[in-house]
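From first to last, the protein sequence lines are chains A and B.
Okay, so the first sequence: first residue is 0 according to numbering that gives the first Met the number 0, each after it adds one.
Okay, so the second sequence: first residue is 0 according to numbering that gives the first Met the number 0, each after it adds one.
C-beta atoms are modelled at their ideal positions from N, C-alpha and C, and glycine is treated no differently.
Keep in mind it's a predicted model, so treat the numbers as computed, not measured.
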Amino acid sequence: MFKALTNVFKKKATEDLQFKDVEFEAIGFQLKEKVDRVFGRSLAIRELDAGSDNSAEIELSNLSTPYYDVERFGITFVASPRHADVLIVTGAITLNMEIAAKKTYDAMPAPKFVVAVGDDACGCGILDGSYAVLGGADKIFPVDLKILGNPPTPKMILKGLLALVYKIEKNSH
Amino acid sequence: MTFKEEVNKLFGPIAVTEGKNNEFYLPIEEASLQRAINSLAENYFELTILFCAQNFLTDGFTLFYVFERSGFEEILILQTALSGDTVDSIAKKYPSAAWYEREIADGFGIRFQGSFDTRRLFLHETYPLNFHPLLKSFTNTKINTIPPSEENAYTFKQVKGEGVYQIPVGPVHAGIIEPGHFRFSVIGETIFNLEVRLFYKHRGLEKTAEGKTPQECVKIAETVSGDETVANAVAFCIAVEKICDIQTPKRALQLRTILLELERVYSYLGDLAGMCVDVSYPVGASPFFILREEIFRQNEELTSSRFNKGIITIGGLTKDIAYEKLQGLLRYLSTFKERFNAACLIDSTYFSVIDRFETTGIVETQLLEPLHITGPVARAAGTTFDTRIDYPYGIYKELNLKAQSQPNGDVYSRFNLKVQEVYDSVRIIQNLIGQLDVGSVSVPFQIKDGYALSMVEAPRGQNVHWIYIKNNLIDRYKVRTASFCNWQAIEHAVLGNIVPDFPLINKSMNLSYAGTDL
Chain A
0 MFKALTNVFK
10 KKATEDLQFK
20 DVEFEAIGFQ
30 LKEKVDRVFG
40 RSLAIRELDA
50 GSDNSAEIEL
60 SNLSTPYYDV
70 ERFGITFVAS
80 PRHADVLIVT
90 GAITLNMEIA
100 AKKTYDAMPA
110 PKFVVAVGDD
120 ACGCGILDGS
130 YAVLGGADKI
140 FPVDLKILGN
150 PPTPKMILKG
160 LLALVYKIEK
170 NSH
Chain B
0 MTFKEEVNKL
10 FGPIAVTEGK
20 NNEFYLPIEE
30 ASLQRAINSL
40 AENYFELTIL
50 FCAQNFLTDG
60 FTLFYVFERS
70 GFEEILILQT
80 ALSGDTVDSI
90 AKKYPSAAWY
100 EREIADGFGI
110 RFQGSFDTRR
120 LFLHETYPLN
130 FHPLLKSFTN
140 TKINTIPPSE
150 ENAYTFKQVK
160 GEGVYQIPVG
170 PVHAGIIEPG
180 HFRFSVIGET
190 IFNLEVRLFY
200 KHRGLEKTAE
210 GKTPQECVKI
220 AETVSGDETV
230 ANAVAFCIAV
240 EKICDIQTPK
250 RALQLRTILL
260 ELERVYSYLG
270 DLAGMCVDVS
280 YPVGASPFFI
290 LREEIFRQNE
300 ELTSSRFNKG
310 IITIGGLTKD
320 IAYEKLQGLL
330 RYLSTFKERF
340 NAACLIDSTY
350 FSVIDRFETT
360 GIVETQLLEP
370 LHITGPVARA
380 AGTTFDTRID
390 YPYGIYKELN
400 LKAQSQPNGD
410 VYSRFNLKVQ
420 EVYDSVRIIQ
430 NLIGQLDVGS
440 VSVPFQIKDG
450 YALSMVEAPR
460 GQNVHWIYIK
470 NNLIDRYKVR
480 TASFCNWQAI
490 EHAVLGNIVP
500 DFPLINKSMN
510 LSYAGTDL
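Okay, here's the thing in structure tokens:
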């Protein structure tokens, strides 16, 4: 009992984080409002790496770290395509990943949306001429939105998601 | 004894040609190759990399067996021109050669006689069976794939017995992770065997580089692995600079070192955080994630890229970094140490974290040489091997670094080693900012023909680049990242551990898929 009480009142082991990125917060809360309405409070994303250099994945995982913490805005990265509304594709689709990528997409329930993140997934990377890649994500999926960048920053990705939700809302009317 | 004398002792007074970057080329007849390999193995030479080039100086295939020997800064390269397309395997003497031989078999169609594994490596089922992308007769263009069939199916090692079952994982994993396939053979919860199948992300980088100018290829080097952008770009540029006799200005070398160490810091911070996440301890992970994000932002301040892409170029840097920006970095780092200390304390004093870290995923010291394991994985298993110290490049020789080492080879050793090396890297950056040279960060240059090997210590270990420039264009670009070798260590490190510890072991070794698959 005593231990529990002292734990409550003792100095916190972690520090308070100073948020400085006003713009990011603004986009985030705008997104939250849209996600609440259009997606019933939760936008589930499945990430698919189809042949990137890993920097886009790093920025996507950064969205869940304390500085950004996008789960506040109703956005979750889910483990299974069966739980996902949106498929985020990174990297040019390699021949070795083609089948697995298609299976992932097919496993998603409709309605489903695809977002290409990064130059390679958007079909404008440096690997477009290579024998080993098919090209951008639109070679095998219908792509709803492209977020350019090598890689795009977390803020750019969030902006892109906001644009996607706007687009879906508009189309559903 | 000098390196040349050491080589002459083994091979007699034979003509060894000195390469451009402290590497020595020793032409060996095909017939005497096995004898040479045997005597190198007996004399503790370690295989760094094995690769192939077509139409190098003469028509046909040339194999390059690259060796290092502890105690020497020089590199020995056996250069063997093949008369046909078959050669004897050396994988029984040097186990790390097994993947290289499979890689060369895929790329060039060379057959290695007597090898214990002849399955295809980076070409999966969808590639036609007689397709070899690195042959000069193939121009880089889209190809027709074939449907998977019994004939081209990939067979995994079968472990049979009562109670043994298999868990296939991947290529698409549950988190935001790169693709790869793991085939576990399990008894109860204990891993009995693990077979890793990679190369899902094979992007054809080496072929794409061919026929391009060296300047264009810096981008390809950067894309080998996103979080080793600076390391690979620097390695590529060093090789080209050696070939073309370019004297890179001191200031550029110093700034490159700052960027290399920043890359190490953010990479390690991610590993430390990831290890905490994988033992379900987010409280311990968050402070590392915060620091890591702050380093990304420092990168963006310095070079306007969070991964420092586009700053390294042949002959120096694409742009200088202003004094105020470096002072800003210095101010940031002055508070870093205390906060990093506090972050480490949360984890290293919490019993359930230590319980999961200790004795988990042990990499045995006797594995290191046969598989050529490098980087933090090797230094956490009792060695002091560090390319920055053993094969110094740039200005590392002047820094008088001392290699860190941890004895046990488990996850806890890797955790502690990375903590120590973060402190070292921060100190290197702080010292360098205080003593930067003034002057230009680039020199004009002319591309010349030639070839050279270069090595850097990337955050994951030793990365090797070999470049051959012909008619001012890249004719062959070979990259081998540390992960290519270190992946083979994980198959051993997980044995006897439970399946739920696999993500932790994987994270503690931080292996790159993109850097392996190329």
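- Distances from the alpha-carbon of F335/B to those of S31/B, S482/B, A234/B, F287/B put F287/B closest.
- At a cut-off of 8 Å between C-beta atoms, L144/A does not count as an interface residue with respect to chain B.
- Contact between C236/B and Y476/B does not hold, since their C-beta atoms are separated by about 13 Å, which reaches or exceeds 8 Å.
- Closer than 8 Å to the CB of N6/A there is not a single CB belonging to chain B.
- Interface annotation, G135/A: not in contact with chain B, CB-CB separation never under 8 Å.
- L301/B has its alpha-carbon roughly 7 Å from the corresponding atom of L325/B.
- Scanning its chain for C-beta atoms nearer than 6 Å, with the 5 sequence neighbours on each side dropped, one finds around I428/B the residues I257, E260, in chain order.
- The bridge partners DSSP lists for S441/B are G315/B.
- At least 8 Å separates the beta-carbon of R296/B from that of T152/A.
- Counting of Cβ neighbours within 10 angstroms places T515/B among the buried residues, the total reaching 16 or more.
- Excluding the 5 residues flanking it on each side, E28/B has same chain C-beta neighbours closer than 8 Å at T79, in chain order.
- DSSP, reduced to helix, strand and coil, places E420/B within a helical segment of the structure shown.
- Using a Cβ-Cβ cut-off of 8 Å, P65/A counts as an interface residue toward chain B, since at least one Cβ of chain B sits closer than that to its own.
- In terms of beta-carbon proximity, V171/B lines the interface with chain A, with at least one pair separated by less than 8 Å.
- With a contact defined as Cβ atoms closer than 8 Å, R479/B and V498/B miss out at about 30 Å.
- Excluding five sequence positions before and after L120/B, the CB atoms of its chain that fall closer than 7 Å to its own CB belong to W98, R101, E102, D105, F198, given in chain order.
- Taken in chain order, the members of the segment 34-59 of chain A whose beta-carbon sits within less than 8 Å of a beta-carbon on chain B are E46, L47, D48, A49, G50, S51, D52, N53, S54, A55, E56, I57, E58, L59.
- Residue pairing by DSSP places T61/B opposite A52/B, A80/B in a beta bridge.
- Taking a Cβ-Cβ cut-off of 9 Å, N505/B has no neighbours in chain A, whose nearest Cβ is about 14 Å from it.
- For a Cβ distance threshold of 7 Å, residue set N61, T64, Y66 of chain A lies close to E292/B, ordered along the chain.
- Put simply, of V185/B, A96/B, E5/B the residue whose alpha carbon is nearest the alpha carbon of E368/B is A96/B.
- At a beta-carbon threshold of 7 Å, none of the residues of chain B lie near Y104/A; the nearest stands roughly 11 Å away.
- Along the segment 103-177 of chain B, the alpha helix (DSSP H) does not occur as any fully enclosed run of 4 or more residues.
- Linking I446/B to E209/B through their CA atoms gives a straight-line distance of about 15 Å.
- In this structure, I44/A lies near T75/A, with their beta-carbon atoms less than 8 Å apart.
- Here the segment 180-189 of chain B lies against the segment 483-503 of chain B, with 3 or more beta-carbon pairs under 8 Å apart.
- Selection P406/B, F414/B, H491/B evaluated against C343/B yields F414/B as nearest (Cα-Cα).
- Inter-residue distance for P443/B and E177/B is about 39 Å (C-alpha atoms, whole angstroms).
- Apart from the 5 residues on each side of it in sequence, K33/A sits with its Cβ closer than 8 Å to the Cβ of L161, V164, Y165, E168 in its chain, given in chain order.
- Using a Cβ distance threshold of 8 Å, T144/B and G128/A do not count as a contacting pair.
- Using a Cβ-Cβ cut-off of 8 Å, R305/B counts as an interface residue toward chain A, since at least one Cβ of chain A sits closer than that to its own.
- Judged by pairs of C-beta atoms under 8 Å, the segment 416-423 of chain B touches the segment 260-270 of chain B, as three or more such pairs exist.
- For the segment 136-163 of chain B, the beta-carbon criterion of a distance under 8 Å to any beta-carbon of chain A is satisfied by F137, N139, T140, K141, I142, T144, P147.
- Looking at Y280/B, Q246/B, W486/B, the one whose alpha-carbon comes closest to that of L316/B is Q246/B.
- Shown here, A230/B sits in a helix according to DSSP, grouped into three states.
- Rounded to the nearest angstrom, the Cβ distance from Y126/B to L94/A is 7 Å, consistent with a contact under 8 Å.
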